[in-house]
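There are 2 protein chains.
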Amino acid sequence: MVSKVREKIVNAALESFHDLGFSACSVQDIVDKAGVPKGSFYNYFKAKELLAVEVLEIYAAGSRRELLSDTTVAPITRLRGHFEFMATRYAGFGYSKGCLIGNMAAESSDNTPLMRQALAESLARWTSAVAGAIREGQKDGSIARGLDADTIARFLINSWEGSVVRMKIAGSREPLDDFFRVAFSLLSPPATETKKARNSRSIASRV
Amino acid sequence: MVSKVREKIVNAALESFHDLGFSACSVQDIVDKAGVPKGSFYNYFKAKELLAVEVLEIYAAGSRRELLSDTTVAPITRLRGHFEFMATRYAGFGYSKGCLIGNMAAESSDNTPLMRQALAESLARWTSAVAGAIREGQKDGSIARGLDADTIARFLINSWEGSVVRMKIAGSREPLDDFFRVAFSLLSPPATETKKARNSRSIASRV
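Okay, here's the thing in structure tokens:
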């Protein structure tokens, strides 16, 4: 019974923070949405910021990042699928909600150090998963090798987050399409690199 | 005297929104910072959102976008200088504040339609200025021609905004360095294109 109340608070917060933002939602708004008395909030959370930290984890867990390490799928296809999965989620919200991670990061300030730390950790885990797929693609020659995988992964995630913010303003998928068009052109190996990779593969198959 | 009060409110709001975010600042916080009575706020602004619209304009006007159309400077140098100017501003805030446009865009929701519209217009003007410089560079062969200038401009700005959000979390310039490294590699013409541009220039000089 007790855990049911906690769960209601977390679910209400996830929805409210995503709809309106962290600062725009008061504890009162959250307990009203959850349908629980305000006093019960403080039984479970010492501060709204600690609730935000928990909500971030749940949000990230729903992003199906495990697809990024599915070696039965080509690395570039995995990467595209990863971002397309998120694009589909945004479409479901009419392109009006954005990404909870990016929204909270933009809202973070010197007054929210715990949220900042949770975001830094969450972004580091995400970067590592994206970089893993890029590294595999660079190894088999299907992804350009000009820049190191971690740099590209950070850049891709940051570009994606910026595109998602712009999507909220545009109210359409256009900024995500810009991302797919331009960011994925970055990942294509130049013609000479592709040729080298093909040659090394054909040499390997003859050995 | 009257305009002095208004000015104080606008300046206080610019600083407060940039420090803490739009939703995290109440009208009370703003008038306290401005040192004016709360009643005076509503003499000048019907709502906090209308003040945000005005603050956005002032913020954008301080971004020295006129440098993007300075034809005495090479287009790629102008573009780099434009983003470097902003990076220097962020350095001045210890990489903790981010971009007011990106922050407000991330905070915008269905509850802030006026802010969204102002942001859409502001981003469109910015995109147009960046696209102008890219177009010039594509014309003289110093910038890659593979993608159209408006698409690249939107992507660059979105990537920049995402990088600036990540900068707030990292508390360092690293995400901006990632941006300069990767985004500017996109703008470099491929070797074959450079050769063609060089040839067409040398043909032109012979005609």
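Protein sequences, first through last, are from chains A and B. Numbered according to this note's numbering, the first sequence spans residues 70 to 276. Numbered according to this note's numbering, the second sequence spans residues 70 to 276. Note that beta-carbon positions come from the ideal geometry of N, C-alpha and C, so glycine has one too. Here the structure is a predicted model, which means the values were calculated and not measured.
Sequence-distant Cβ neighbours of A/Phe154 in its own chain, meaning closer than 8 angstroms and more than five residues away, are Ser132, Arg133 and Leu136. The region 144 to 217 of chain B contains, as complete alpha helix (DSSP H) runs of 4+ residues, the segments 144 to 161, 169 to 176 and 182 to 208 (chain order). Taking all protein chains shown into account, B/Asp247 has 16 or more neighbouring C-beta atoms within 10 Å of its C-beta and is therefore buried. In this structure, the straight-line span from the alpha carbon of A/Arg223 to that of A/Leu216 is close to 12 angstroms.
Put simply, the backbone Cα of A/Ser109 is about 30 angstroms away from that of B/Ser177. Here A/Val79 has Leu120, Glu123, Val124 and Ile127 as same chain residues with Cβ atoms under 8 angstroms from its own Cβ, once five neighbours each way along the sequence are excluded. In this chain, A/Leu136 is not harboured by any alpha helix (DSSP H), its DSSP state being neither H nor E.
Using a Cβ-Cβ cut-off of 9 angstroms, A/Thr220 counts as an interface residue toward chain B, since at least one Cβ of chain B sits closer than that to its own.
Here the alpha carbons of B/Val105 and B/Ser191 stand approximately 29 angstroms from one another.
A straight-line Cα-Cα distance of about 15 angstroms links B/Ala174 and B/Arg194. Chain A places a beta carbon closer than 9 angstroms to that of B/Ile226, counting this residue as a contact. Contacts with chain A at 9 angstroms (Cβ-Cβ) include B/Glu230. Its chain contains Pro144 as the residues whose beta carbon lies nearer than 7 angstroms to that of B/Glu205, once the 5 sequence neighbours on both sides are disregarded; these appear in chain order.
In chain order, Leu136 and Val142 place their CB closer than 8 angstroms to the CB of A/Gly150, counting only its own chain and leaving out the 5 sequence neighbours on each side. Distance check between A/Glu243 and each of B/Ile238, B/Asn227 and B/Phe249 places B/Asn227 closest, using alpha-carbon atoms only.
Exclusion of the five residues before and after A/Ser92 leaves Glu176 as the residues of its chain whose Cβ lies within less than 8 angstroms of its Cβ.
In this structure A/Lys166 touches A/Asp88 by the C-beta definition: roughly 7 angstroms separates them, less than 8 angstroms. Of the residues assessed, B/Ser85 falls on the buried side of the cut-off, its CB having 16 or more other CB atoms within 10 angstroms. A direct Cα-to-Cα measurement between B/Ser138 and B/Ser211 gives close to 16 angstroms. For B/Ser211, the closest Cβ of chain A is not nearer than 9 angstroms. With a cutoff of 9 angstroms on beta-carbon distance, A/Ala81 and A/Ala103 are scored as near each other. Cβ-Cβ separation between A/Arg185 and B/Ile238: approximately 6 angstroms, consistent with a contact (criterion under 8 angstroms). Excluding five sequence positions before and after A/Ala213, the CB atoms of its chain that fall closer than 8 angstroms to its own CB belong to Gln207, Leu255, Leu256, Ser257, Pro258, Pro259 and Glu262, given in chain order. In its chain, beyond the 5 residues on either side, Tyr164 have a beta carbon closer than 6 angstroms to the beta carbon of B/Gly240.
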